[in-house]
Amino acid sequence: MDDIEAELKIDSPGNETTNQEIIKNPLHIEAPSKYYETGFHRSSRKCLKVIRDAMLHHNWQKAAEYFTSYIQTLEDTTVTSAHLTRDVIWRLGAEILHHLANASIDDFNAVYEIMKHAGVSNYAKICLEHAFHLLLNGQSDEAKRQLSSASHWRYGKLTDAQSLEMKLIHAYCGFLDYFIWSNKISTTPETEDVSSLQEISMYFRQASVTLQEIITRPGIWDPFVLSYITMLEHNNSLDEALKVLQNYAYNKDFPSNPNAHVYLYQFLKRHNAPQSALISSLRILHSAVPSHKLMLEFCSLLLKKHQDTALKEALCACMDLLEFSSWKCDRDAWKCLLKILQRPKNEHNMVKEEWAVRRSLWMAFHFRPYIIKTESQKDVRLWRIKERVLKLLGEDLHIEDTRKSPSGQRDRHHNASEDNVDGDSRRGPARNSNSSFKRDESKAAREGNAAGLRDRLTDFTHRKRPINTLNSTGQLVPVGFIPDV
Amino acid sequence: MDEYLTDGYSEPCAQCAAVDWGVSNEGQFFCKNCYNVTEKMREVTDEFTLYIKNSRISRIAKPMKTEKKCAREWMVCEGFQVVLKCQADALVSLGVCLQFKTEVLWNFWTRYLQNTRQAFVSNPISTVDQNSESESETESVVCSEYSFWNGAPSEAGEVKDSGSSTGGRSGSLDALSYSHRVDRKTYNVMTMPRTLALCYLALLWVREAITLADLLRLVKERHVPYLNIHDNFPEDMKLFGRDSLIFRVDSIPSYSTVHKEAVDLAQVMKLPAFPMVSQDCLLHPIPLTVRYLLESNLPDGLLVWVHKVIDEASMGDDSFLTFDPVKQKPALVCYDIQAAAVIIVTMKLLFKLDDRVEWTSSGKAASEKKKKVFNVERWYKVMQPAFERARQKMEREEARQLWKSHKPFITSLKDKSLVFKKRRVVNHLQHRFQKLTDSTPEQQCFTTTAFSSFHFHWGKEQGSDGPSLHQHRLHCTFKKKGVKRLTNRKYWHTVLSVCPPTCSNHFSEIEASLPRMYVWLLDLFSFLLGVSQAQVHKEVLNVERCLMERELLSVSKETPSPKKRTKKPRKI
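Keeping their order, the protein sequence lines are chains A and B. At position 48 of the first sequence the residue is numbered 445 (our numbering), and the sequence of numbers has no breaks. At position 446 of the second sequence the residue is numbered 449 (our numbering), and the sequence of numbers has no breaks.
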């Protein structure tokens, strides 16, 4: 740390500026037409282009060779945004190392260490990535050591500029404490050894203090909340846990997060909460994600209440669910709908109203002749349920569909249908374009939300190396340890 | 180790005046340059007495190696002298006659210094004094007080320096005034591209076969030192601060820059007319065209026609070719580009190159079933892949070229640690990745390979770029009524009127409308010479102008020259 002054004056602090700067002055790959380019810059521009092409073609060996030459751009004296170059070198280097077959963990450690100290404007980010890399390789102790040393890092203004990353480092420190604690709990059950008990309680204390502090800040903290709740449950402080979960779910400062409601519901269910509490938590989830799989439980809970309003709510929830293409052929959902319709108390008006609104969509979406035909051949049980539902809704299928009866076998070989294809892709419902009733729009918005969320979740859970992102509202979205929802 | 032993002993050797001392086993000083042993002994007594006096020694301090002792005062022009010497040495080791270094370049250099009144005159412009008048007070104080960089500057210097970002100090005495001169043109200060221009002029004077394109290629492939020249500076000349502005190089100057600088320098130095460029000199278009014909795998038979074009355009004249800076408008012929242009004009004459005739006539030649007859299509098929390979190789080399030296420039004391840190980081990372890829950077590749003035090798041997077409016969004339005529009857050219000097080149505008074959040929030769296509095109126009002038002259005199070919200039 001999060059604090020099570093401070040269680096304009802030990671937020980095992103903007990349957008404003990206590293050029094409030849500039307006200004004179020195030979050195031309070389590095061409080199970067070759590296990019090699990476796109997964020719990692070639990319590494050219990267060796590209490293010299760090010594560029004319580039004003020196930290941009360092950023590029760090990202390229890490990416290439990940794909080189003969790269050892030592290489990773060395490169991360060098890049961390090369330009400290990215120190925290690189530390986090380093820790994630270690975690992926199963070196959780080493990762813990890295993070805790990083959390004590101070570098004048530059530390403040990276407060976001420092917060994350802090959070992951706590998370790893929890990780170690839960490992120890499960591997050494019921020890009488005082020292080991003390160690366990130390980890417990460290983790709970950190996590408690972290999850009070607005943001999406799913893995951290879950681990904190586990710890509280272990400690039998259920009220505290409930408070945390309720805050996480209902606090207006937090970004909307369906998982929060799921966690709350699961917690309530685990601890035998009254039905009304369960229903109210699911009701909010329904408004946020109508296609969530907990909606079936929601319906069955509502059915237990034997009230007209509850019945109507259940009907709506179930029909909402079935309007999503991912649920379109789900037998349980149809069964649930059948059950609701078969209720003796079932008021005719209520169903009729609901059906009148949805009829045009449903007839096209669920009861098109082609769908009926393929379904009656492929999944007869589902078709039977649907048939009964239709009957209870007061529609006569055979008026529309006398000729193309389910037993018609003319087009058996022709079964590639778009409806079957998108059965798996969990998107919004395939809508008929003519059906333009009012509730369509609000639903479309909701679906968009749900679909976007789901994409995000699946995207992140499939990501190899977790990266922390900011969501659209600018709040923290730490990802990487999100459990499957 | 020796520096430690010699303890900064900096007396010049009595025999060879070098300061390069070593210590023999007996503790006697000897000159490493001429092996002259002096009577000076290494002083070891101090330590012994110290040891005896207080039998407890806490620490044996190494003698303080102050920079002051090993750095000496030097001027910027001295630095350039070192640069020129390095370049001259490299050229001599490449086979240029020794006279080039000992007589011509040295003479040019002294002439330059005299004419710009930097040295060798009774009343030189003192750059250091000049500076104190023109520059602000504080800076000049800094400059004169801390004129050379010492490792531990006093507080006062630091305080003064902290205000400016680049720092007013430099290793040399007069770097500040050198880089600060308001009008650098009027003072004709030396620059790095100008060292090459000077070398080129000297090469021209001794009539060496190295053209400007060759020289630049030598520089690019690091056979002639130019990049990171400060690595070659002697130990006691420290580069620091503003020196980096003068001596740091981050691109190799273009052909046109050096050419222009050479003309300027020749005028500044008030050089007399250069030695004749006659036929025995390799810069004469006839031997040069032979070289480029060989390089581009064209048949030897073309040489006859090339000679005819040179004669017709009266470009073989000594007066046309010889550089004379004394003239009103001195013109330094671009010998290499001109030779390439002559070849292109000849090709246009014989094959028209309008994307039609050259292909159909080559079909005719092939149908005559004479095996060794040159045809453009076959030539193109042989040439194009080799050209493409060479171009890709060049691109690769360019992308992997290393520009930074192991000895980084330090622009200011404040940045010193940062610069060294960057250097360390780069070194570390490069070692890591080199280990992973087993690759060596391009710099080493360049220097280890021997220099060849040819890009391509044609023939049947291993490693050649393709079959040689040199022996193929040209078949482009026919006899009619006893007179030999060219099969190609027409010639095209672009607008030949001379543009005013303010006009830049129009090549980029008309490039799209030109025949592709012609552009490809320009491309080929511009690649071989390392210049832009526009430059080659310009030179083609020059040759065509020369031809036209001759024609008009002959027409006006009404003496029909016995021409075998008819030319119908056509504008496109």
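The beta-carbon is built from N, C-alpha and C at its ideal position, and this holds for glycine as well.
Counting only beta-carbon separations shorter than 8 Å, does residue i have a partner in chain A?
i	result
Gln433(B)	yes
Val534(B)	no
Ala576(B)	It is not possible to answer for residue 576(B), since the shown part of chain B is limited to 4 through 575.
Ala254(B)	Here residue 254(B) is Ser; the residue named in the question, Ala, does not match the sequence. At least one chain A Cβ lies under 8 Å of Ser254(B).
Glu398(B)	yes
Val428(B)	yes
Phe326(B)	no
Glu512(B)	no
Compare the Cα-Cα distances from residue i to each of the options and report the closest residue.
i	options	result
Thr470(A)	Trp109(B), Tyr521(B) and Asn430(B)	Asn430(B)
Leu176(B)	Thr194(B), Asp314(B) and Gly82(B)	Gly82(B)
Met272(B)	Ser317(B), Ala344(B), Leu204(B) and Ser408(B)	Leu204(B)
Thr389(A)	Leu623(A), Ala460(A), Val754(A) and Cys726(A)	Residue coverage of chain A in this structure runs from 398 to 882, which leaves residue 389(A) outside it and unanswerable.
Arg359(B)	His460(B), Val379(B) and Pro388(B)	Val379(B)
Asp574(A)	Tyr552(A), Ser592(A) and Ser605(A)	Ser605(A)
Trp382(B)	Pro302(B), Lys484(B) and Ala265(B)	Pro302(B)
Trp883(A)	Leu718(A), His495(A), Arg778(A) and Asp729(A)	Summary: the structure shown does not reach residue 883(A), with chain A confined to residues 398 through 882, and so no result is reported for it.
Cys337(B)	Trp308(B), Ser299(B) and Leu291(B)	Leu291(B)
Ala507(A)	Leu439(B), Glu552(B) and Val227(B)	Leu439(B)
Thr482(A)	Ser501(A), Asn519(A) and Asp504(A)	Asn519(A)
Leu661(A)	Asp619(A), Leu698(A), Leu699(A) and Asn633(A)	Asp619(A)
If I follow the unbroken alpha helix (DSSP H) through residue i, where does it start and stop?
i	result
His530(A)	Tyr520 to Leu533
Leu565(A)	Ser560 to Thr584
Lys482(B)	Unbroken run through Lys482(B) is the beta strand (DSSP E), Thr480 to Lys483; no alpha helix (DSSP H).
Asp526(B)	Arg519 to Leu532
Asn118(B)	Trp109 to Asn118
His658(A)	Pro655 to Arg667
Glu510(A)	Ile502 to Ala515
Asn235(B)	From DSSP, Asn235(B) is part of no alpha helix (DSSP H); its letter is neither H nor E.
Ser613(B)	Past the edges of chain B, shown from 4 to 575, lies residue 613(B), and the structure says nothing about it.
Ser678(A)	Gln672 to Ala685
Gly436(A)	Gly436 to Leu453
Establish whether the CB of residue i and some CB of chain B are separated by less than 8 Å.
i	result
Tyr520(A)	no
Leu497(A)	yes
Gln469(A)	yes
Val485(A)	no
Glu492(A)	no
Ala451(A)	no
Phe721(A)	no
Ile426(A)	no
Asp776(A)	no
Ser684(A)	no
Cys444(A)	yes
Gly436(A)	yes
Phe464(A)	yes
Asp557(A)	no
Ile511(A)	yes
Val508(A)	yes
Does residue i pass the burial test, meaning 16 or more other C-beta atoms within 10 Å, or should it be called exposed?
i	result
Gln595(A)	exposed
Lys835(A)	Reliability fails at Lys835(A), whose pLDDT of 37 lies under 50, so the model's placement of it is uncertain and the value that follows must be treated cautiously. Counting Cβ neighbours within 10 Å, Lys835(A) comes out exposed, since fewer than 16 surround it.
Ser560(A)	exposed
Ser322(B)	exposed
Ser583(A)	exposed
Gln314(B)	In the sequence as displayed, the identity of residue 314(B) is Asp instead of Gln. Burial call: exposed.
Gln282(B)	exposed
Ala646(A)	buried
Lys484(B)	exposed
Considering just the uninterrupted stretch of the beta strand (DSSP E) at residue i, what are its terminal residues?
i	result
Tyr494(B)	Tyr494 to His496
Lys487(B)	Val486 to Leu489
> Which residue spans inside the segment 395-453 of chain B form an unbroken alpha helix (DSSP H) run of at least 4?
Replying inline: With a minimum length of 4 residues, the continuous alpha helix (DSSP H) runs that stay inside the segment 395-453 of chain B are 419-440 and 445-451.
> Of all the alpha helix (DSSP H) runs that stay within the bounds of the segment 216-301 of chain B, which reach a length of 4 or more residues?
Replying inline: For the segment 216-301 of chain B, whole alpha helix (DSSP H) runs of length 4 or above, ordered along the chain, are 246-250, 258-271 and 288-298.
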